[in-house]
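Everything on this sheet refers to the single structure shown next.
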Amino acid sequence: MPRTPEKRPAIGRLATALRTGALFGGALVFLFPFYYMFVGSLQAEPDTSPAGAFPTSGLTLDNYRDINARVDLLGSLVNSGIFTGGVIACTVVFGILAGYALARLRFRGRGTLFALVLLVQVIPFQLLLIPLYVLIVRGYGLADSYLGMILPFAINTTAVFVFRQFFLQLPDELFAAARVDGAGELRVLWSVALPLVRPALLTVVLLTFIGPWNEFLWPFLVTKQADMQPLAVSLANYISNVAARAANPYGAVLAGACVLAAPAVGLFLAFQKHFVSTDIGSGVKG
1442 MPRTPEKRPA IGRLATALRT GALFGGALVF LFPFYYMFVG SLQAEPDTSP
1492 AGAFPTSGLT LDNYRDINAR VDLLGSLVNS GIFTGGVIAC TVVFGILAGY
1542 ALARLRFRGR GTLFALVLLV QVIPFQLLLI PLYVLIVRGY GLADSYLGMI
1592 LPFAINTTAV FVFRQFFLQL PDELFAAARV DGAGELRVLW SVALPLVRPA
1642 LLTVVLLTFI GPWNEFLWPF LVTKQADMQP LAVSLANYIS NVAARAANPY
1692 GAVLAGACVL AAPAVGLFLA FQKHFVSTDI GSGVKG
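Okay, so the sequence shown: first residue is 1442 according to our numbering, each after it adds one.
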């Protein structure tokens, strides 16, 4: 028996309500760990039971004061910012140049070179730790320096791949017109290609930010001075050496985790809309 016109809108509204409810439930599941971390950082007494997620009293900022007294949060944040900013700058510059060359320049061995770029992605970073440590720390003497932390992450093959794919999507007519006007390759890259790949640029920045911002192992190996360590290393040292003597070590650790997570969460919330926006098609008429 065919459905009547009156039933179809009702079924559509029901489907929309179910879809909205499922999305809302998924959002709650995703956000709950962040909520629990933030609430736990404000509790005066440690409470690891499920009831601790819904405290009725005892909220305080003492945990932030306690960890700041034992770990220089501001200095560690500055170190993390310099480390992350340097990695992002190098990743963007080298990624754009390499991605443009692999996408738009014609030279022998281009396909093989791109295959090697993809192959590098499957090599675990931990496998390279020992030769990198010997080269950078003993060979170049860059221990306890920002440059020593940044160098192993200066070139990101994922960024090269992302930029290459975006450059391949650009219309050939734009590059042909620029070359007819006498523009060189750097001029074409700067004036034609870069303004059209802003979504790729923002995507690479956001994806690159998470890695060095949360990186622990390499900065831990190359920094021995406390005033050079990024926040992830400082928090790990606090957990290992100091937390057991704190009044509320659980809350202090969560307070440090909130400080570490806040910039990353804020960055994604501010720029999430740019993941789906693109102006590639606006450069060509017709």
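Each residue gets a CB set at the ideal place from its N, CA and C atoms; glycine is no exception. Because the structure is a prediction, the values reported are computed rather than measured.
Point to revise | Where Gln-1670 falls: helix, strand or coil (DSSP) | key: Here Gln-1670 sits in coil by DSSP.
Exercise for review: Indicate whether Arg-1639 and Val-1629 have their beta-carbon atoms separated by less than 8 Å.
Suggested key: Result no, Cβ atoms of Arg-1639 and Val-1629 do not sit closer than 8 Å.
Point to revise | Run of the alpha helix (DSSP H) containing Asn-1520, from where it starts to where it stops | key: First-last of the alpha helix (DSSP H) with Asn-1520: 1514-1545.
Check your understanding: At which residue ranges does the region 1541-1600 contain complete beta strand (DSSP E) runs of 3 or more residues, listed in the order of the chain?
Key -> You should have found no qualifying run.
Check your understanding: Secondary structure at Leu-1611, three-state DSSP: helix, strand or coil?
Key -> The answer is coil: DSSP assigns Leu-1611 none of H, G, I, E or B.
Exercise for review: With a 10 Å radius around its C-beta and 16 neighbouring C-beta atoms as the bar for buried, classify Gly-1722 as buried or exposed.
Suggested key: Confidence is the limiting factor: at Gly-1722 the pLDDT is only 42, short of 50, which leaves the residue's position unreliable, though a coordinate-based value still follows. Looking at its Cβ environment, which holds fewer than 16 other Cβ atoms inside 10 Å, Gly-1722 is exposed.
Check your understanding: By Cβ distance, which residues of its chain are closer than 8 Å to Leu-1554, with the 5 residues on each side in sequence left out?
Key -> If you ignore the 5 residues before and after Leu-1554, its C-beta comes within less than 8 Å of the C-beta of Leu-1543, all in its own chain and listed in chain order.
Review point. What first and last residue would you give for the alpha helix (DSSP H) that runs through Ala-1702?
Key: Where Ala-1702 is concerned, the enclosing alpha helix (DSSP H) stretches over 1690-1712.
Check your understanding: Where does Leu-1500 fall in DSSP's three states?
Key -> In the structure shown, Leu-1500 sits in a strand (DSSP, three-state: E or B).
Practice item. Would you list the residues sitting across from Gln-1484 in a DSSP beta bridge? Key: Answer is Leu-1500.
Exercise for review: Please list, in chain order, all residues of the same chain as Tyr-1574 whose beta carbon is under 7 Å from its beta carbon, the five residues on each side excluded.
Suggested key: Excluding positions up to five away in sequence, the list reads Leu-1662.
Exercise for review: Report buried or exposed for Ser-1632, applying the criterion of at least 16 other Cβ atoms within 10 angstroms of its Cβ.
Suggested key: Exposed, because fewer than 16 other Cβ atoms sit within 10 Å of the Cβ of Ser-1632.
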